[in-house]
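Add 75 to a position in the sequence shown, counting from 1, and you land on the number used in my numbering.
Below is one structure, written out as structure tokens; the observations come after it.
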Amino acid sequence: MKFYNREDELNELATLYDQSGGAGRMTVLTGRRRVGKTVLALESAKSARHLYLFVSRKAEALLCAEYLEEIRRQLPLPVVGEIRHFRDIFALLIEQARSERLTLIIDEFQEFFTVNPAVYSELQNLWDRHKATCKLNLICIGSVHSLMYRIFQDAKEPLFGRADRIIFLKPFSIRTIFAILKDYGHSDLTTLFDCYALTGGLPKHLELLAENQALSKTAMLDFILKPYSPFLAEGKSQLVEEFGRDYGTYFSILDLIASGKTARSEIESVLEIHSGAYLTRLENEYALIGRHLPMTAKPGGRLQKYYIRDNFLDFWFRFIHRNHSAVETGNFSYLRQVIDRDYATWSGRLLERFFRDLLAATGRYNQIGSYWERGNRNEIDLVAVNDLEKRLLIAEIKRNKARINLTELQAKAPRLLEYYQGYAVEYRALGLEDAAGFLE
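Structure (structure tokens):
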């Protein structure tokens, strides 16, 4: 699959590369696995002298031997003997970057915790001493969000405050997903939504499905639900390492959120534990969940609902993890029946997110969310506000918008309108066909 989008990130990386001609620059590129961090870094460096080093879990001396071989192949270095420590590799590259700009990409940077945690303080020492006099454009890539946060944003860690930029790479936008689909012969909005729901815009997932001609809903599910499909173990392979020995509790919480138990009280009533600390870590350390509050609610309000940020992980926990016995026994026909039965209900929640993302991309509104009152009364799917122009959009969203009754929608809004007195109010029924208007 060709390289798509990422213009803003490429421009930022180009700026940092230009600045590295005067002094070293350190960029942190993070985001969940499969989001395209490595591809982006290599794309940004393709026209410049660059070196790519991958941190795998092996002895530091073995890693350094691999790195030295790659350095000799890529760079015009003087004769160098054996190097057994990364600090000496880094010092060598700093010296090389005194005379010419060099982009150094270090992938899976958080793995130095396993190889040798002292690397971070050694790198900090070298960076502080030589940044001003070298032309090194250093890009540190990491997928384990909690560890990358600790390395660069924990005041107790040696590399705190050293990064010139921290770029958190997000999945592709709906517009980019649509461009990819059209390049592969799919221009209908139903396929766009199903692809958004099942991949969340993750480039690696889209690439895998595109290469296997599996971009329609039926073809995607056929590919996901077959023996040896890389998607079957995706959630577990990503998260067990991050969560460590508590992964069972975290998985149970994510399973409940994916199944629709989105309030803390609902989660605790099932698991019979205090979930606050787990939910906080899932939101802030792991960046896996977020919280919805009703529009007009105060930030610390109790009327909050949790959601899984990644669409595919939401699907994985709702269907694959929950039915892992069927997966283990190869009973994919049973799992497919479950998905066929429940897909419409599950994807209905994502249709609301789909339209919120579309509206956010227009730049017409400064607040976008939903609304409900205690006891889930007077639920409104979408509320969008433009405070400058004092405009308020209130919408209900269904695949078949003929089922929407605007009179009933208006009857849910009186208390909401009390908060937005003096605003021009528009009520809308939104169905999938209306997405076209946001993509023109």
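C-beta atoms are modelled at their ideal positions from N, C-alpha and C, and glycine is treated no differently.
Burial check for L277: the Cβ neighbour count within 10 Å reaches 16 or more, so the residue is buried. Assignment of H125 by DSSP, reduced to helix, strand and coil, places it in the strand class. Measuring C-alpha to C-alpha distances from D297 to each of E135, L273, R424 and C139 identifies L273 as the nearest.
Apart from sequence neighbours up to five positions away, the residues of its chain that approach E360 with a beta-carbon distance below 8 Å are H220, S221 and Y224, ordered along the chain. Short of 7 Å from the beta carbon of D456, and not among the five residues preceding or following it, lie these beta carbons of its own chain, in chain order: E427, S445, A470, E471 and I472. Bridge partners of Y92 according to DSSP: none are assigned. Here DSSP, grouped into helix, strand and coil, assigns C270 to helix. Distance from the Cα of L152 is smallest, within the candidate group L167, I158, R466 and K465, for L167. It is roughly 26 Å from the alpha-carbon of I241 to the alpha-carbon of E282. Pairing K206 with A98 gives a Cβ-Cβ distance under 8 Å. Within the same chain, and ignoring the five residues on either side of F78 in sequence, the residues whose Cβ sits closer than 6 Å to its Cβ are E118.
Shown here for L290: same chain residues with a beta carbon closer than 7 Å to its own, the five before and five after excluded, namely L256, Y259, H261, T266, C270 and L284 in chain order. In this chain, the alpha helix (DSSP H) harbouring T113 covers K112 to A120.
Contact between A338 and K380 holds, with the beta-carbon distance rounding to 6 Å and staying under 8 Å. Three or more Cβ pairs closer than 8 Å define a contact, and the region 233–249 meets that threshold against the region 85–102. The residue among N475, A419 and L468 with its C-alpha nearest the C-alpha of A499 is L468. The beta-bridge partner set that DSSP reports for M101 consists of L213.
Check the Cα spacing between A134 and each of R159, L88, T178 and K373: the tightest is with R159.
In terms of Cα proximity to T355, the closest of I364, L85 and I348 is I364.
CA-CA distance, L115 to L85, rounds to 8 Å.
Inclusion of S174 and P233 in the CB contact set at 8 Å is not warranted, their separation being larger than that value. Excluding residues up to 5 positions away in sequence, I395 and V402 lie with their Cβ nearer than 7 Å to the Cβ of L307 in the same chain. Considering only L425, P489 and E82, the residue with the shortest C-alpha distance to T371 is P489. Rounded to whole angstroms, the separation of the alpha carbons of D330 and R411 is 18 Å.
Residue pairing from DSSP places K380 in a beta bridge opposite H367.
In the three-state scheme derived from DSSP, where H, G and I count as helix and E and B as strand, E309 is classed as helix. For Q228, no beta strand (DSSP E) segment is defined; the enclosing uninterrupted segment is the alpha helix (DSSP H) at H220 to Q228. Taking 8 Å as the cut-off, the beta carbon of L491 is found closer than this to the beta carbon of V458. Between T208 and H125, the C-beta spacing is not below 8 Å.
In terms of CA proximity to I479, R503 leads the group R503, L463 and I252.
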